[in-house]
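The structure under discussion appears below in the form of structure tokens.
Protein chains in written order, with the UniProt record's numbering: chain E, 1 to 567; chain G, 1 to 149.
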């Protein structure tokens with residue numbers, strides 16, 4: 001990634017993008033936000049069950065769309081095309097990692113998670129390992145994931161926002177920075193107003209908006225510029241030979257090791273992301289959990305098979321209209337991150353149409369940020385505040401803590417996004433490495449090996465956090481001015497460490513180590529209580545369960561007695 | 001929904017009068033108390049889990065080949081893998097990674113969900129789903145599987 005990290009600090013306004021206030025696109029974005037609020041209001045729910053897991057009543061297709069909208073953030077809509085345009089073959093690691101991971105999720109975890117049937121990811125960790133300590137680590141991790149992931153979203157919203165609203169000029173800030181502040185303020189306000197109200201219904205709508213905008217953009221650009229007719233997802237193949245070797249030559253930009261490390265981290269990260277897992281708690285049965293994963297992956301692929309085509313068209317248009325894409329100076333990562341919008345603009349399409357493509361990017365960013373902030377704030381409000389700090393918390397206090405943590409997340413994210421250290425997709429993949437290193441082994445072992453115990457989980461999660469932090473300190477924090485003094489000319493403290501433990505793919509090293517630590521510690525310490533083992537067994541039993549039942553209910557009714565040990 | 005919460009360790013009369021007729025999977029399923037059987041990914045303890053894990057591992061192996069195979073081959077034999085394909089014009093490695101791997105994962109996901117539904121049927125498990133009939137059928141194929149009754 002280091003090749004991409006350096007040039008972007010120079011200017012954060014993408015070259016070639018027409019930055020000015022545009023009335024029609026501005027109206028479209030505003031109308032879109034109002035629509036989301038209205039849907040949230042119409043489908044609002046009152047009880048906690050409805051609030052967090054949509055009454056466990058969502059069906060296949062709808063949940064599949066929600067999976068798609070939840071999943072497809074600015075990183076998919078904007079960042080993926082950017083990486084493919086700028087890093088060529090290496091960028092494909094993101095397509096593969098972000099889609100193929102769903103298969104692992106499907107075969108190993110989706111239905112079992114549904115049977116476990118709790119509300120949040122830290123809930124699973126806390127209840128499975130009978131430990132408030134493990135719950136707290138999971139909650140902090142969830143919060144961190146939300147924060148790191150959302151930096152990429154804020155960057156996307158800022159870059160696309162300047163196209164639509166122009167430089168609104170908050171004193172002391174650049175045009176891009178002003179827009180980050182404005183868009184994050186809108187997102188936080190929107191979330192505080194709507195909460196999780198009708199979130200699933202909203203997500204289905206958001207999916208439709210973003211996929212229509214993306215595909216319309218691709219087809220129209222491809223058709224008007226003579227690149228493609230009916231199937232741009234395949235037709236761009238013929239264009240590849242004209243785009244320069246950097247676009248398609250393997251391993252010229254990044255090594256084979258980094259490719260595998262990145263793809264692997266994204267796969268395990270997919271299986272560890274709290275806001276993804278919660279989608280399986282919302283469905284009506286475990287069979288729906290399975291089929292909705294298949295649907296979700298199908299919906300995701302509609303965009304993922306199209307992004308490389310968009311990248312190819314955008315790269316070619318950029319080369320024709322602005323200048324060489326590769327070499328010095330080449331396309332900046334800021335321009336890369338809006339290549340989808342840029343392609344539509346360079347194709348001389350009407351402003352309202354380019355605005356539609358841009359609005360899709362904002363819908364993608366907002367949908368995902370909403371999911372992340374809800375997961376992050378519920379980790380703080382539900383898992384830490386209520387379960388650990390103040391067990392007698394009133395509803396009022398809980399809601400207040402939840403709102404405050406959303407605002408805190410918003411503020412942190414905005415500050416970090418003012419001068420982001422990496423392109424959108426790279427920022428987001430740090431969050432995937434974290435989820436893969438810390439949460440994925442807990443979910444996987446917790447579900448598939450009943451003897452995984454509290455000590456093992458605590459040791460494993462701590463190890464995972466440490467391994468994740470090491471490359472972040474080594475190569476990411478210096479870009480934010482922390483430890484910058486210790487960093488060398490390439491912005492990295494220990495280059496050899498960065499080569500084998502890259503921040504973007506650290507889960508490749510972390511996951512085997514965390515597995516080994518968790519298993520080892522579990523073997524040398526006491527087995528978990530029978531109650532817990534029976535809960536795990538219930539997750540794998542083929543016996544159907546009631547729609548509102550959790551594994552704990554079923555096991556509890558069997559009356560084998562004993563309360564879970566406390567931490 | 002069956003009131004499955006009352007299962008007791010197998011002392012129900014397990015010799016079915018209609019014994020010979022029922023599928024063997026279904027019969028062994030009724031004999032098993034799943035809450036008494038260990039869960040260990042590497043050591044399946046019930047017939048159901050053994051059959052299920054066979055599907056899972058098969059799928060996993062195919063997945064690993066489809067997802068990491070092409071890129072590894074490209075690292076090993078770049079010359080062969082980067083040849084341009086006829087008609088579509090893609091370099092081979094680009095096509096296999098950008099299109100082959102994601103579509104392969106989707107195909108495998110579909111295959112797994114079908115297999116798992118078939119397994120449920122073999123073991124006489126009925127999820128009694130109500131709402132996912134008509135809209136729950138990807139490409140019109142799932143309506144047949146898994147919705148016994």
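From the three backbone atoms N, C-alpha and C, an ideal C-beta is built for every residue, glycine too.
Q) So, is residue 21 of chain E buried or exposed, given that buried needs 16 or more other C-beta atoms within 10 angstroms? A) Counting from one through the first chain, the residue named residue 21 of chain E turns up at place 21. Exposed, because fewer than 16 other Cβ atoms sit within 10 Å of the Cβ of residue 21 of chain E.
Q) Helix or strand or just coil, what does DSSP make of residue 280 of chain E? A) By one-based count along the first chain, residue 280 of chain E stands at place 280. Residue 280 of chain E falls in the helix class under three-state DSSP.
Q | Residue ranges of each alpha helix (DSSP H) within the segment 335–364 of chain E, 4 or longer | A | As summarised for the segment 335–364 of chain E, the continuous alpha helix (DSSP H) elements at least 4 residues long and confined to that stretch are 339–346, given in chain order.
(Q) By the 8 Å beta-carbon criterion, what residues does the segment 81–99 of chain G contribute toward chain E? (A) Within the segment 81–99 of chain G, the residues whose Cβ lies closer than 8 Å to some Cβ of chain E are 81, 82, 84, 85, 88, 89, 90, 91, 93, 94, 95, 97, 98, 99, listed in chain order.
Q: Tell me whether residue 387 of chain E sits in a helix, a strand or coil according to DSSP, three-state version.
A: Within the first chain, numbered from 1, the residue matching residue 387 of chain E stands at position 387. Correct three-state label for residue 387 of chain E: helix.
Q) Within 10 angstroms of its Cβ, does residue 247 of chain E collect 16 or more other Cβ (buried), or is it exposed? A) Translated into positions along the first chain, residue 247 of chain E becomes position 247. Classification of residue 247 of chain E: buried, given that the 10 Å Cβ count is 16 or more.
Q.
Which same chain residues end up closer than 7 Å to residue 303 of chain E when comparing Cβ atoms and leaving out the 5 residues on each side of it in sequence?
A. For the purposes of this step, residue 303 of chain E is taken as the residue at position 303 of the first chain. So the list reads 72, 76, 211, 214, once near-sequence residues are dropped.
Q) What number of angstroms, rounded off, separates the C-alpha of residue 587 of chain E from the C-alpha of residue 87 of chain E? A) This structure cannot settle anything about residue 587 of chain E, because the visible part of chain E is limited to 1 through 567.
Q: List the whole-angstrom C-beta distance separating residue 313 of chain E from residue 236 of chain E, where the pair is believed to meet the contact cut-off of C-beta under 8 Å.
A: Position 313 of the first chain holds residue 313 of chain E. Position 236 of the first chain holds residue 236 of chain E. That pair is a contact at about 7 Å.
(Q) Is the separation between the beta-carbon of residue 471 of chain E and that of residue 503 of chain E shorter than 7 Å? (A) As a working note, residue 471 of chain E is residue 471 in the first chain. As a working note, residue 503 of chain E is residue 503 in the first chain. Their beta carbons are under 7 Å apart, which means residue 471 of chain E touches residue 503 of chain E by this criterion.
Q: Following the continuous alpha helix (DSSP H) through residue 523 of chain E, name the residue where it begins and the one where it ends.
A: By one-based count along the first chain, residue 523 of chain E stands at place 523. First-last of the alpha helix (DSSP H) with residue 523 of chain E: 507–524.
**Q.** Which residues DSSP lists as bridging residue 91 of chain G, in chain order
**A.** Residue 91 of chain G sits at position 91 when you count from the first residue of the second chain. DSSP lists G:84 as the bridge partner or partners of residue 91 of chain G.
Q) For a contact meaning CB atoms closer than 9 Å, what does residue 423 of chain E contact in chain G? A) In the first chain, the residue the question calls residue 423 of chain E occupies position 423. Correct list: empty, because the minimum Cβ distance to chain G is about 19 Å.
Q: Within its chain, find whatever has a CB closer than 6 Å to the CB of residue 95 of chain E; leave out the 5 residues flanking it on each side and keep chain order.
A: Taking the first residue of the first chain as 1, we reach residue 95 of chain E at position 95. Around residue 95 of chain E: 304.
**Q.** Assumed close pair residue 453 of chain E, residue 116 of chain E - CB separation to whole angstroms, cut-off 8 Å
**A.** Counted from its first residue, the first chain places residue 453 of chain E at position 453. Counted from its first residue, the first chain places residue 116 of chain E at position 116. In this structure residue 453 of chain E is not in contact with residue 116 of chain E, their Cβ atoms being roughly 17 Å apart against a cut-off of 8 Å.
(Q) Rounded to the nearest angstrom, what separates residue 242 of chain E and residue 226 of chain E at their Cα positions? (A) For the purposes of this step, residue 242 of chain E is taken as the residue at position 242 of the first chain. For the purposes of this step, residue 226 of chain E is taken as the residue at position 226 of the first chain. Here the alpha carbon of residue 242 of chain E sits roughly 14 Å from the alpha carbon of residue 226 of chain E.
Q. Would residue 50 of chain E count as contacting chain G if we go by Cβ distances under 7 Å?
A. The residue labelled residue 50 of chain E in the question sits at position 50 within the first chain. Only weak support exists for where residue 50 of chain E lies, its pLDDT of 49 falling under 50; the value from the coordinates is given anyway. Residue 50 of chain E does not count as touching chain G.
Q | Residue closest to residue 451 of chain E, alpha-carbon to alpha-carbon, out of E:536, E:106, E:492 | A | Translated into the one-based positions of the first chain, residue 451 of chain E becomes position 451. Among E:536, E:106, E:492, the Cα nearest to that of residue 451 of chain E belongs to E:536.
Q. In the DSSP assignment, what residue or residues form a beta bridge with residue 40 of chain G?
A. Here residue 40 of chain G refers to the residue found at position 40 of the second chain. E:449, per the DSSP bridge assignment.
Q. Should the segment 130–148 of chain E be regarded as contacting the segment 355–362 of chain E, the criterion being three or more beta carbon pairs within less than 8 Å?
A. The segment 130–148 of chain E makes no contact with the segment 355–362 of chain E: fewer than 3 CB pairs, one atom from each, lie closer than 8 Å.
Q. How many Å lie between residue 68 of chain E and residue 299 of chain E at the Cα?
A. Taking the first chain and counting its residues from 1, the one referred to as residue 68 of chain E is at position 68. Taking the first chain and counting its residues from 1, the one referred to as residue 299 of chain E is at position 299. Straight-line measurement puts the Cα of residue 299 of chain E at about 6 Å from the Cα of residue 68 of chain E.
Q) Taking contact to mean at least 3 C-beta pairs separated by less than 8 Å, is the segment 396–413 of chain E in contact with the segment 319–329 of chain E? A) No: the two stretches stay apart, fewer than three of their Cβ pairs being nearer than 8 Å.
Q) So what's residue 21 of chain E in DSSP terms, helix, strand or just coil? A) Residue mapping note: residue 21 of chain E aligns to position 21 of the first chain, counting from 1. It is a strand residue.
Q) In chain E, what lies closer than 8 Å to residue 59 of chain G by C-beta? A) Walking along the second chain from the start, residue 59 of chain G turns up at place 59. For residue 59 of chain G, the residues of chain E that pass the 8 Å Cβ criterion are 103, 107, in the order they occur in the chain.
Q: Would you mind giving the Cβ-Cβ distance between residue 417 of chain E and residue 151 of chain E, rounded to the nearest angstrom? I have them listed as a contact below 8 Å.
A: The residue labelled residue 417 of chain E in the question sits at position 417 within the first chain. The residue labelled residue 151 of chain E in the question sits at position 151 within the first chain. Rounded to the nearest angstrom, the Cβ distance from residue 417 of chain E to residue 151 of chain E is 5 Å, consistent with a contact under 8 Å.
**Q.** Proximity test, Cβ basis, 7 Å: residue 106 of chain G and chain E
**A.** Taking the first residue of the second chain as position 1, residue 106 of chain G is located at position 106. The beta carbon of residue 106 of chain G falls within 7 Å of a beta carbon belonging to chain E, placing the residue at that interface.
Q.
7 Å is my cut-off, CB to CB: does residue 298 of chain E come that close to chain G?
A. Residue 298 of chain E sits at position 298 when you count from the first residue of the first chain. Yes, contact with chain G.
(Q) Taking CB distances under 7 Å as the criterion, tell me whether residue 256 of chain E reaches chain G. (A) The residue labelled residue 256 of chain E in the question sits at position 256 within the first chain. Residue-level contact by beta carbon holds for residue 256 of chain E and chain G, with a gap shorter than 7 Å.
Q: Could you tell me which of G:41, G:117, G:118, G:70 sits nearest to residue 250 of chain E, measuring between CA atoms?
A: Residue mapping note: residue 250 of chain E aligns to position 250 of the first chain, counting from 1. Closest option to residue 250 of chain E, Cα to Cα, is G:70.
Q.
In the DSSP output, what is residue 165 of chain E paired with across the bridge?
A. As a working mapping, residue 165 of chain E is identified with position 165 in the first chain. Note: residue 165 of chain E sits in a beta bridge opposite E:21.
Q | Reduced DSSP category for residue 158 of chain G - H, G, I as helix; E, B as strand; rest coil | A | Outside the shown range of chain G, which is 1 to 149, sits residue 158 of chain G, and nothing can be said about it.
Q: Using a Cβ cut-off of 7 Å (strictly closer), state whether residue 41 of chain G contacts chain E.
A: As a position in the second chain, residue 41 of chain G is number 41, starting the count at 1. At a cut-off of 7 Å between beta carbons, residue 41 of chain G contacts chain E.
Q: Determine the chain E residues that contact residue 73 of chain G at a beta-carbon separation under 9 Å, and present them in chain order.
A: Taking the second chain and counting its residues from 1, the one referred to as residue 73 of chain G is at position 73. None at all; the shortest Cβ gap to chain E is about 10 Å.
Q.
What ranges does the alpha helix (DSSP H) occupy inside the segment 289–326 of chain E, keeping only unbroken runs of at least 4 residues that lie completely in it?
A. You should have 307–321.
Q | Contacts that residue 102 of chain G makes with chain E (C-beta to C-beta distance below 7 Å) | A | Here residue 102 of chain G corresponds to residue number 102 of the second chain, with the count starting at 1. Result: 95, 96, 99, 100, 301, 304, 305.
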